[in-house]
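In what follows, a structure is listed as structure tokens, so that the remarks can point back to it.
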Amino acid sequence: MDDITDYFAPLIHKVEFESDAIDQLVMVLKNSERQDMLVRIGLCRKMVTMLSKMLGTKVDVIKGLIKRCDDKLLVNDSDKNGPGDVSLYLGDIQDHLITMLQNLNHYETMLSRAHSNYLAQISIEITQLSNKTNEVLNRMTVFGTILLPMNVITGLFGMNVQVPGQNVENVAWFFSIFSVLIAIGVFGTVLFRKEE
Numbered sequence: 022m023d024d025i026t027d028y029f030a031p032l033i034h035k036v037e038f039e040s041d042a043i044d045q046l047v048m049v050l051k052n053s054e055r056q057d058m059l060v061r062i063g064l065c066r067k068m069v070t071m072l073s074k075m076l077g078t079k080v081d082v083i084k085g086l087i088k089r090c091d092d093k094l095l096v097n098d099s100d101k102n103g104p105g106d107v108s109l110y111l112g113d114i115q116d117h118l119i120t121m122l123q124n125l126n127h128y129e130t131m132l133s134r135a136h137s138n139y140l141a142q143i144s145i146e147i148t149q150l151s152n153k154t155n156e157v158l159n160r161m162t163v164f165g166t167i168l169l170p171m172n173v174i175t176g177l178f179g180m181n182v183q184v185p186g187q188n189v190e191n192v193a194w195f196f197s198i199f200s201v202l203i204a205i206g207v208f209g210t211v212l213f214r215k216e217e
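Numbering follows the working numbering, in which position 65 of the sequence shown is assigned residue number 86; successive positions increment by one, without gaps.
Put into structure tokens, the structure is as follows:
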């Protein structure tokens, strides 16, 4: 029985090492280094669950054996060394199993917290990325809104219509139309800067 219990010790130490590593790494890794973190958390939690199931049944078996030994001790009170020593030995194994189960519960709590932290960190990064995207789209919208009136004016004069000052020999009309376009652009820029 003791050998079976001791068989679980290296597995639990491996889970302890992995859960400590995950708990430390989940907050310090950069975006590119965190791709396998969710897989690591999942595998470690799976191992904790499997070990908890296996050890949980062993505790019940040991309890039953201790009860049988205690019952036998009450019946055979003449043999002082036999069942009493076995009962103490089984009690020691039961204590080891309970300690291992408590450690596994602690590791499950650590992994659950690391999983929540990981998902919260991803959510924060997605929100930051969304905010940056919204900023870029707002700038593009402002730029398009400023250029739209200028585009309408130049589009109207690009058709087969009479352009003001077309028959005049000087370039005053050209510069006045160009100045109106620049004024619309400056006015739109100032207007949107005030709103920000």
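The beta-carbon is built from N, C-alpha and C at its ideal position, and this holds for glycine as well.
Query raised in the report: Counting Cβ pairs closer than 8 Å, one from the segment 72 to 82 and one from the segment 146 to 160, do we hit at least three?
Result: no
Query raised in the report: Does the beta-carbon of Ala-42 have 16 or more other beta-carbons within 10 angstroms, so that it is buried, or is it exposed?
Result: exposed
Requested in this report: Look at Val-69 and Glu-129 and say whether their C-beta atoms are less than 7 Å apart.
Outcome: yes
**Report entry** Inter-residue Cα distance where the pair is Asn-138 and Lys-51
**Finding:** 14 Å
Query raised in the report: What's the C-alpha gap between Gly-176 and Thr-154?
Result: 31 Å
Query - Supposed close pair Thr-26, Leu-118 - CB separation, criterion 8 Å - result: Taking a contact as a CB-CB distance under 8 Å, the pair Thr-26 and Leu-118 counts as one, their CB atoms being some 6 Å apart.
Report task. Would you kindly report the start and end of the unbroken alpha helix (DSSP H) that includes Arg-214? Result -> 193 to 216
Query raised in the report: Where do the ends of the alpha helix (DSSP H) carrying Val-47 lie?
Result: 23 to 49
Requested in this report: Could you say which of Gln-56, Ile-62, Thr-162, Thr-210 lies nearest to Glu-39 if we only look at CA atoms?
Outcome: Ile-62
Query raised in the report: With Leu-132 and Ile-33 assumed to form a contact (beta carbons below 8 Å), what rounded beta-carbon distance in angstroms separates them?
Result: 14 Å between Cβ atoms; not a contact.
**Report entry** Val-163 beta carbon less than 7 Å from that of Phe-195
**Finding:** no
Query raised in the report: Does DSSP put Asp-57 in a helix, in a strand, or in coil?
Result: coil
**Report entry** Beta-carbon proximity check, Ile-114 vs Asp-24, cutoff 7 Å
**Finding:** no
Requested in this report: Specify the secondary structure class of Val-184 as computed by DSSP and reduced to three states.
Outcome: coil
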